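Chemist: Chains A and B, in that order, give the protein sequences. Just so you know, we're using the numbering used here here: the first sequence kicks off at 1 and counts up by one. Just so you know, we're using the numbering used here here: the second sequence kicks off at 114 and counts up by one. No residue lacks a Cβ here, since even glycine has one placed at the ideal position from N, Cα and C. In this text, all values refer to a predicted model and were calculated from it rather than measured experimentally. The structure follows.
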Amino acid sequence: GNSVTQMEGPVTLSEEAFLTINCTYTATGYPSLFWYVQYPGEGLQLLLKATKADDKGSNKGFEATYRKETTSFHLEKGSVQVSDSAVYFCALSDERGYQKVTFGIGTKLQVIP
Amino acid sequence: DTEVTQTPKHLVMGMTNKKSLKCEQHMGHRAMYWYKQKAKKPPELMFVYSYEKLSINESVPSRFSPECPNSSLLNLHLHALQPEDSALYLCASSPQRAADTQYFGPGTRLTVL
Numbered sequence: 001g002n003s004v005t006q007m008e009g010p011v012t013l014s015e016e017a018f019l020t021i022n023c024t025y026t027a028t029g030y031p032s033l034f035w036y037v038q039y040p041g042e043g044l045q046l047l048l049k050a051t052k053a054d055d056k057g058s059n060k061g062f063e064a065t066y067r068k069e070t071t072s073f074h075l076e077k078g079s080v081q082v083s084d085s086a087v088y089f090c091a092l093s094d095e096r097g098y099q100k101v102t103f104g105i106g107t108k109l110q111v112i113p
Numbered sequence: 114d115t116e117v118t119q120t121p122k123h124l125v126m127g128m129t130n131k132k133s134l135k136c137e138q139h140m141g142h143r144a145m146y147w148y149k150q151k152a153k154k155p156p157e158l159m160f161v162y163s164y165e166k167l168s169i170n171e172s173v174p175s176r177f178s179p180e181c182p183n184s185s186l187l188n189l190h191l192h193a194l195q196p197e198d199s200a201l202y203l204c205a206s207s208p209q210r211a212a213d214t215q216y217f218g219p220g221t222r223l224t225v226l
């Protein structure tokens, strides 16, 4: 079956530091890949997505590239802010799963001033 | 309007009570989802409705009963819950498929005494 592996947190960074959160996946075929973010006390919201190999998703300074050869979709940001503190979920959906999204365990990011 | 609304925000209920959670979206989405999220865990899929018909039930106990009265509304009826059912219940919608972006509501924080 499908699975998503992402680094366990928490990740603590100083403001303006570089962020990488690793995500690898196992799936058959060509899944769509997502990063969702959950701020404290809120539901999840889409941060970025990529639907085919070598696609780069980007939003709010965050980027992730769909790497089929390494089955990875690592999240990066060049300079984090305190307001980026949240839990980040890597996720995938494939055509055979049709209506199911498989989530990773989530990585908590804490950015300190 | 890209919002999914959920009511109530918080709910405390006894094990013999009957209550309902409500979810609404006006984006014309044809797929709607219920998830359960425990603290520090990813969302777990419970039910999927596609075009107002139940398409996925992830072996959820019968004390949870979903209902989709129309394409904009999704309810979750609760009866005889257990304390371990205490969690954040998230509703989401997507245009048609899980490969589409899912839009999440803020959730209902449920406590079962």
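Assuming the contact rule is C-beta atoms closer than 8 Å, A/V82 and A/V111 should be a hit. Round their C-beta distance to whole Å, please.
Modeler: Approximately 5 Å separates the beta-carbon atoms of A/V82 and A/V111; this is inside 8 Å, confirming the contact.
Chemist: Comparing the C-beta of A/F62 with each C-beta of chain B, is any distance below 8 Å?
Modeler: no
Chemist: Report the option in A/C90, A/G57, A/P113 whose CA atom is closest to the CA atom of B/K154.
Modeler: Taking the Cα of B/K154 as reference, the smallest distance to any Cα among A/C90, A/G57, A/P113 is reached at A/C90.
Chemist: So what does DSSP say about B/P196, is it helix, strand or coil?
Modeler: helix
Chemist: Would A/E178 count as contacting chain B if we go by Cβ distances under 8 Å?
Modeler: Chain A is shown from 1 up to 113; residue 178 of chain A falls before or after that span and cannot be answered.
Chemist: Could you work out which residues of chain B lie near A/L46, taking near to mean beta carbons separated by less than 9 Å?
Modeler: Residues of chain B passing the Cβ test: T214, Q215, Y216, F217.
Chemist: I want to see whether chain A comes within less than 8 Å of B/G141, judged by CB atoms only; does it?
Modeler: Closer than 8 Å to the CB of B/G141 there is not a single CB belonging to chain A.
Chemist: Nearest chain A C-beta to B/P179 closer than 8 Å, yes or no?
Modeler: no
Chemist: Just reading off the beta strand (DSSP E) that A/Q110 is part of, what are its end residues?
Modeler: 107-112
Chemist: Measure from the C-beta of B/P156 to each C-beta in chain A and report whether the shortest distance is under 8 Å.
Modeler: By this cut-off, B/P156 is an interface position.
Chemist: Could you confirm whether any beta carbon from chain A is found closer than 8 Å to the beta carbon of B/L186?
Modeler: no
Chemist: Just grab the DSSP bridge partners of B/P121 for me.
Modeler: Per DSSP, none; premise fails for B/P121.
Chemist: Assign B/M128 to one of two classes, buried (16 or more other C-beta atoms within 10 Å of its C-beta) or exposed (fewer than that).
Modeler: exposed
Chemist: Give, in chain order, every unbroken run of the beta strand (DSSP E) that is at least 3 residues long and sits entirely within the region 48-112 of chain A.
Modeler: 56-59, 62-65, 75-77, 86-93, 107-112
Chemist: Looking at C-beta atoms only, is the number of pairs between the region 13-27 of chain A and the region 183-197 of chain B that lie closer than 8 Å three or more?
Modeler: no
Chemist: When you compare only the Cα positions, how much space is there between A/G43 and B/G220?
Modeler: 6 Å
Chemist: Closer than 9 Å by beta-carbon distance: list the chain B residues that pair up with A/I105, in chain order.
Modeler: In chain order: K153, K154, P155.
Chemist: When you check each C-beta in the region 53-81 of chain A against every C-beta of chain B, which residues fall closer than 7 Å?
Modeler: none
Chemist: Helix, strand or coil for B/T214 per DSSP?
Modeler: coil
Chemist: Please check if any C-beta of chain A sits within less than 8 Å of the C-beta of B/L71.
Modeler: Because chain B spans 114 through 226 in this model, residue 71 of chain B falls outside it and cannot be assessed.
Chemist: Since B/G220 meets chain A, which of its residues come closer than 7 Å, beta carbon to beta carbon?
Modeler: G43
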